[in-house]
Each structure stands twice: as C-alpha cells, then as structure tokens.
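The structure appears below as structure tokens.
Residue numbers (the working numbering), protein chains in the order written: chain X, 85 to 373; chain S, 14 to 306; chain C, 1358 to 1788.
Structure representation (structure tokens):
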C-alpha cells in the first residue's frame, strides 16, 4: 500500500494539519466505545454501576481478567472462555470458508459455462441476497431438527451460509477476467480445474481475503441463531455467553466480568480486520476497478 | 457477454448444486412457510389454524401503526445512509491527505466493524442513558436536556448515531479503496489545469467514486433496514411511543413478543418484496456498470 | 439420527450420562446470578437421585425463550420444562394440548398436590379458576419501594420511616429535589406492572372486567378516575423534574443505583444490584392510594413459572414430578428464596425462613410476602390475565410515554390506552 507516496489529493502545511485534526477527531469518536469497554473491564462492578465511568484504566484489571479466565464464570455453566472462543472461531471460520467455497463454485459455473436455465439459477440465488435470519427462524429451525443438526457445529454454520452476497461479489470479479486469458488457457489444453487452479485462484486471492473478513465477522457476531440451535453450554458462542451473564432485570450481574468477556468477544474480530486490512482494501480496489 | 466458455454440461450443475441446495432449504422453504402463514390466522403453537385469505395484509396495510413504521423506516434509513456514507467519505478523503500515520488512523477507524450488534447496543445504553451515561453527562452540562427516553427526536438521534457509528468503518474501507483506484494521472492533469483541490474533488474524484457510492448506498440502505434491529432493540425498543419502531422491529415485536403470527408473517412477506425490489434494482445497475466499466 | 450421532461423536466432546437415566430438559431465561442458581438446583437434584438428569438450557430473554419453545414445539422437539414469564401465562393457558397441567403431572407421578401448602397469592395466579395448578411458580416477585437513606437524611426526611402512601411519596420526592439532596426525587421501573396492574390489586380497584380477565375475556377499565388521578400526579411530577422516567422495564433501577434518585419502586427481585452498588438503602412496602377504600389490599406476583410440555413419555413426566417435588421441599425453597430474592412458594418454606431468623437480618425479604398475603384476595387482586398482555403493555407504555413527554394529559393517555387495548383484545380473542 502506498502509505508514503504523495497522493495528488495531499495538500501541504496547514491543510495537512487540518486533515490530521479531522482524522484524530474521527478516530476518537469511532474508537471510543471500544476503548470504553476496555476501561470498564479494569474497574470493579460497583464503579461500573455508579457512573460516570472514569476515563482511565482502573486498578482491577488483573483481578477481573484473572477471575474471568481461572475462576470459571458460574453463569455460563462452567465452560471455559477458551472453549467459547474456540467454538466461536470454528463457527466464524466455517461460515467464512464454507461461503467462499460454495459461492466461488457457483459463480464459476455461472460465469464460465453455458447451460440451460443458467440465468434462472442466477436469479434464484441472487434474490436471496438479503433476508435476515429473524424473518425465517421457525421453518429453518424445523429443518435443522429434521436433519438432526440441533446442537452441532453444522447446525450453527449451514443456515448462515445461505446468502448470496459472496456469490455476487465473485461473479462481479470473474466477469472482469479478460476473455483472452481463458482462450489462451484453452489453447494450452487447460480444463476447468486447471484454469481455476493456475489462473483464477491466484487472481482471486485478494477478493477471497476481503470476503473472508466480511464473513468471519458476520459469523462471529451472530446471536439469535446460535441461541436457538444450541442446547448445551459446551456449544455456546461467546456472544451467547455474554448474554447469559447480563441481566438488566432482576438478577445481579457481574459487570466487571461482562466487560472482560466483551473485550474478548471484540478482540479476535478486530485482529482479523486489522491484520487483513491491506489485503482487504486491495481486494476491494480490484473488484471496484 | 463472455465469448469463450467451457463446453461442459454436467459440471456447472455440480458446481452450483451446493449453493442451490442451501438456498432452497434455508431460503425458499422458509419463505414459502412465511407466505403460507401470511394467509392464516393461527395461535402461537399452531394448534388452531384458520384460512383468512388476504385479511392479514389488509389489516397490516390499514393499520396506522404500520404506516408509522414505514415512515420511521424511511426517515431512519435515509439518515443512517446519508451520515454513515458522508462521514466515511469525508474521513477517507482526509486519510488520503495525510501522509504520516495513514495506516495508524485506518487501523483505529475499522474497529467498530468488529463489534457484535448485541454488544454495541449494550455499550450505547451505558454511554447515553440520560441519567448515568458517561457521555450524557457532558450533554447535560452543555445545557441540552438530553432525554431519549421521552423525546422522540433525541431517541431517533441516538439510534441513528449508534447505527452510523457501526457502519462508518465499512464505508470508510470501501471509500479508501475507491479513492486509491482513481488513476493518479487524472488528478495530476487536473492540478496542471489549475483546478482548485475542492473543485477537482467534486468534478473528478466524486464522479469517479460513483460506482462505490452507489454500491454503498444499496448496502447501507439494506443495513439500515435489517441489521440495525439489534441496536434499536437494545437502545430504545422502538420507543418512546412508536417513534423509533422500524418495519423490521415491528415484524419482530408482533411475531416474537406479541405472538401475532399472521400479521407478522404478512409483514415479512411485504418486507421480502421490498428487498427483492431493492436487489433487482441493484442488480440492474451493477450489470450496466460491468458492461461499460 | 445416524448423522447426528456421527457429528456428536466426531465433533463434540460431550460428557456422557449414565445409560439408564432419563434426561429432562429445562429451558429457562435466567441470566446473571439467577442463572447460577438454576444450575445449582439442577446439579443438586441430579446428585440427590440416580434415575433422572435435569439439564437446564439458557434460551435468552423471556420472549426469546418462549419463542424457542414454540419453534421447538412446532418442530416436534419441545423441551420437557419451559420457563415462561408472567405475561405469557395467558398464551400458555390457551395452548391446551401443548402443555400438561402441573397438578396432573404431580398426581400421576405419585405425589399429592395439596393447594393449602402453597402461598395462595402465588399459586392462585398460576391456577385455573377451579384451583388446579397449571404451572409451577419458579421465580415470583412483587414490587416494593427502595429508598436511599443518605439522601433521605440529607433532605431532612426520616430515614427510618419511609412514606406509606403515594401522596407521602410525592411530598418526600419533592422535598428531596427542592432541598438539593438529589437531582431526582422518585423513579420507577415497569409503569405497566407496578403502576397499572399491581396498582389495581393493591388499591382494590378493577383493571378489567371479568375478574381482570381471570374469568373470561377482559375489557380494560384502566381509565377510571383513580388511575387518572394517579397518573396525572406522576405527569405533574415529571414536569417538575421530581419524577424521572427510566424506561419501560427495569432500566430505572440504574437511576437509583447511581445515586441520582432518592426513591425507587421496583421488583423485590431487583435487590441484588442495589446491594452490589453499595447504596445505603432501605425498603418499604409498595405505596398505596389512601383515597381508595380497602387499600392496601394485596399485591400480585410477577416473575415466571415452569410449564410442562405435552406429549412426553410417562417416564419423563415421572421425572418432572420428582423434580417439582424436589423443588417444593422446604430446604430447597428456603435456599432459593434466600439466594435469589424470589419469593418462596410453600408456606413451610416461609415459616422455616422466618424461624431461622433470616428476616431479622434481612427484613426487606419479608416485605413482598407480607404485601402479597396480608389479606385474602378480592376479585380485583388475584392478578390480571389477557391472551395478549405483552401487546397491552406495549400500548400502555406508548401512551404513558406521550403523557410524560407532555404531549397529552393523563385522562387522554389512559382513555387511549384502554380503547386501543380493548380493540387489540377483541382481535386476539377473535371477536
């Protein structure tokens, strides 16, 4: 990424200082809530319950984090936080990889082959672009029961792969591949698999990265579906565990541990976005060309 | 249209099979069920079922509360899309202008994207609750009688702000990418012509960003329509009165909380039609762009 | 089935239960400390015998749990026991065939169900008009008044003698605000449950016709003069800034724990957070309206109860019966009561707690019980029931919020709430 080269948009002197000012303001506003959770996770419950909360880290950090990791939080059924993080990672990875696999395959079929009902198939998939889980919960639940997938990882993953966003993005990208490339490959005697493996896949890597990030985060942040489809504590995701700990109504809530768990629930996806941001942006630049 | 293709006939079907299977099972089957339920009147457990034709639709469409939700949705979505995109574009342009620390700013800017809606809702409640919120306090000090619990405008401001906050990162990344894709030579040529930076932004950069902007417009609208549910649920629960009750919140509330299955299903069907229309609109646009782009 | 076994074997490290045990699933909505109590009860029960294993499963908030139960029932996989909140009682009662009355389960399981052993106010709410217990009261609570003793002292009020009537509360709240002891005199959670439904019972005034809906389809009467007077007073206090509105459910509790408000009316189950916040608090009984004849009458329970789903095997029902029998045992009830702040279900547990001296150190815990069982209930004070109670509460909240925002007076708000509510009731009951 051209972080050090001069952009033609770049002004000098005062203009640049002003840009810095806006960026700093923007970053403060945007990142503040995340900072806020972190701060709260270093204070005691009574400090959290008697706001306004201080803006600097408190003295309870070690105690809170130690308790969350070693003390086995009672509300979440004695499951360790590692297990929950592991489950969530598995589900998010499953959704991201599963979606990339099936959507790449279908986009490949639609773009590089001609067959009857091709456009009908495309529309059939495409219309499902956006349909929230909330709207289709009851029938989907019944399907999972009939397939015996309640309380399993496939049950957590499969229904969330059913959306067409990734298919659409891959299709858009595949359509930008010049005909000449395919012609040359076919002259060389390459079949569909070799063309995919040797030419298309290397070209798609940045797109794959971008979609991976989007889907990983989508999978990581799910709440309602994992809640319905899991019955045992061992299968819970971290977001569900968090909900188990929080009670706005009757019961007392260990707010300090809630904040620690929130930090843990936020951190991995932040890491994924931050570490993959270069690829992510590059993937988008190429799709948008 | 692509000229060269592979000649296989069976292979494309095999490649499509997983996606089609999943789509049929997890989209078309539930959608068909929603259609079925929308013409029935049923108790929650499905023990007593009567066919009522289009009565549920007539009832929903004739309900002032539904029209209110429609209005709230339009206002809310427009505000969210406008601010989420406007702020992100502004910041993306600023990010282009700075040289040192670009990566640092960008890294911090994309954090909220990773925060689960369930957590975001809780956070916003903690920060902006009129009495104990950390950020409500300075508002009070500034003489603003901040009360989203009773003042509909404040409540709307709060849910819009929370939803915008959650979406800025995503838009920011796309705009940064869009800006980087603009050929440098074009901008340099403009600079030689003596165009001011502001002028060249609106005449050259902004039009070239149009594909990104349009894509984001659709994504943001759909986001505002559906994905903000968690935030509204946690922050205002549709109140005060019904002033932040959007269409999706109403589907949830009627079906999930009040257990009026027929009404809720009818509303789902209407929502599906809206989404399909939006999607078709987007599809036509993208299709054109690929041809000329 | 085969695939399922494969997946479980391959991917999930599940603890294996002994072969012969019957598993009983219990879906609940208890989060926070209450979730721990649920897990402990199940563990203790499982350890107390070897035939049955109760497996508690958290299914989200009350509405989420109920919906999960409904989705599961429709898919033929309903849990054996499901916890349903008070406002869902009407829905469950209407679902004949989907549920099995608890009295029946207990008797078939070989246990004698003797109504007189239970606290009448609680069990009555979860019974048919004939007195058959339909669901097992798990967590019952009742609204009480909490007050901040430091703020009371600062305002020159008697911190040992909290106000008893609403009129006295208003005076005290105004004094708190005017003296500058706190910025807010009074706040309340749940205007629907506390100021409407419990208000009716406590002041012996009807909430709706047909014994508040217990005897048949109700017609709301919440626009009668006593309510209008009460809500107009609230609206006036809101205008003066003495009463601060906190939200539709329990959010207002935070206004109290943060030290902003001097007085709070809230569920007796909300004690935990108030203790944790380190406030120097006192508890008084829920205020009543002294102009209402017969007030204070008795309060009614809120909370949730355990329903047994229909269509299960005899073996399962035997296990459920054994579990409920275990739940009603005095030491268990006493533990539950002392740990969670919810009310005991049986007379014996109440007496045992009293004898143990628990109330001497925790007088606050006895207040809701005394409130609830002080007088035999009248037609107005057995609780309220409607098949669409959640919807009625939504409507009321909307109208109350408009009133508190100064957009309408109390008479209009209550008239609208009653009219809109009655139209919704007609729709729900199909006429």
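The beta carbon of each residue, even a glycine, is placed where N, CA and C say it ideally should be.
Since we're looking at a predicted model, the values are computed, not measured.
Across the structure, residue 183 of chain X and residue 299 of chain X are spaced so that their CA atoms are roughly 8 Å apart.
With respect to the C-alpha of residue 1491 of chain C, the residue from C:1512, C:1462, C:1467, C:1503 having the closest C-alpha is C:1462.
For residue 1384 of chain C, the enclosing beta strand (DSSP E) starts and ends at 1379-1385. Of the residues C:1631, C:1502, C:1498, C:1532, the one whose Cα lies closest to the Cα of residue 1511 of chain C is C:1532.
DSSP places residue 55 of chain S within a strand segment (E or B) once states are collapsed to three. Among the residues facing chain C, residue 323 of chain X is not included, as its CB has no counterpart in that chain under 8 Å away. Two segments are said to touch when three or more pairs of C-beta atoms, one from each, lie closer than 8 Å; by this definition the segment 1554-1562 of chain C touches the segment 1733-1749 of chain C.
The segment 278-291 of chain X and the segment 226-244 of chain X do not touch, with fewer than 3 CB-CB distances between them shorter than 8 Å.
Boundaries of the beta strand (DSSP E) harbouring residue 1545 of chain C: 1541-1545, taken from the DSSP string. The beta-bridge partner set that DSSP reports for residue 1723 of chain C is empty. Residue 174 of chain S is positioned such that its CB atom lies no closer than 8 Å to that of residue 107 of chain X.
Classified as buried, residue 1530 of chain C has 16 or more neighbouring CB atoms from the shown chains inside 10 Å of its CB. Annotation for residue 65 of chain S: no alpha helix (DSSP H) segment contains it, and DSSP assigns it neither H nor E. Non-local C-beta neighbours of residue 206 of chain X in its own chain, meaning closer than 7 Å and more than five positions away in sequence, comprise 194, ordered along the chain. Chain order gives the chain X residues near residue 131 of chain S as 305, 307, 323, 326, 327, where near means a beta carbon separation below 8 Å. Residue 1718 of chain C is classed as exposed because its beta carbon has fewer than 16 other beta carbons within 10 Å across all chains shown. Within the segment 1469-1490 of chain C, no residue places its CB atom closer than 7 Å to a CB of chain X.
In summary, residue 308 of chain X is buried, with 16 or more beta-carbon neighbours lying within 10 Å of its beta-carbon over all protein chains present. Counting only residues of its own chain and dropping the five nearest sequence neighbours on each side, residue 1419 of chain C has a CB closer than 6 Å to the CB of 1386, 1442. A distance below 6 Å between beta-carbons, with the five flanking residues on each side excluded, links residue 229 of chain S to the following residues of its chain, in chain order: 98, 184, 187. Contact between residue 1629 of chain C and residue 1451 of chain C is ruled out by a C-beta separation of about 33 Å, above the 8 Å threshold. Contact holds between the segment 1752-1765 of chain C and the segment 244-255 of chain S, because three or more Cβ pairs, one in each stretch, are under 8 Å apart.
Collapsing the DSSP output to three states places residue 1470 of chain C in coil. Listed in chain order, the non-local C-beta contacts of residue 1705 of chain C below 6 Å within the same chain comprise 1687, local neighbours out to five positions each way being set aside. For the pair residue 264 of chain S and residue 284 of chain S, the CB atoms are nearer than the 8 Å cut-off. Contact note: residue 357 of chain X reaches chain S through 123, 126, 127, using a C-beta cutoff of 7 Å and chain order. Under the 8 Å criterion on CB atoms, residue 1415 of chain C is classed as interfacial with respect to chain X. Note: residue 1703 of chain C is bridge-paired with C:1475 in the DSSP secondary-structure output. For residue 1430 of chain C, the neighbours in chain S by C-beta distance under 7 Å run, in chain order, 58. Taking every protein chain shown into account, the CB of residue 1476 of chain C has 16 or more other CB atoms within 10 angstroms, so this residue is buried. According to the DSSP secondary-structure assignment, residue 1623 of chain C is paired through a beta bridge with C:1501.
At a C-beta separation below 9 Å, residue 311 of chain X has these neighbours in chain C: 1415, 1416, 1417, 1421, 1425. If you keep only unbroken beta strand (DSSP E) runs of at least 3 residues inside the segment 1538-1594 of chain C, you get 1541-1545. With respect to chain S, the C-beta atom of residue 1440 of chain C has no partner C-beta closer than 8 Å. The segment 95-180 of chain S contains, as complete alpha helix (DSSP H) runs of 4+ residues, the segments 115-122, 130-141, 149-154 (chain order).
Here DSSP, grouped into helix, strand and coil, assigns residue 366 of chain X to helix.
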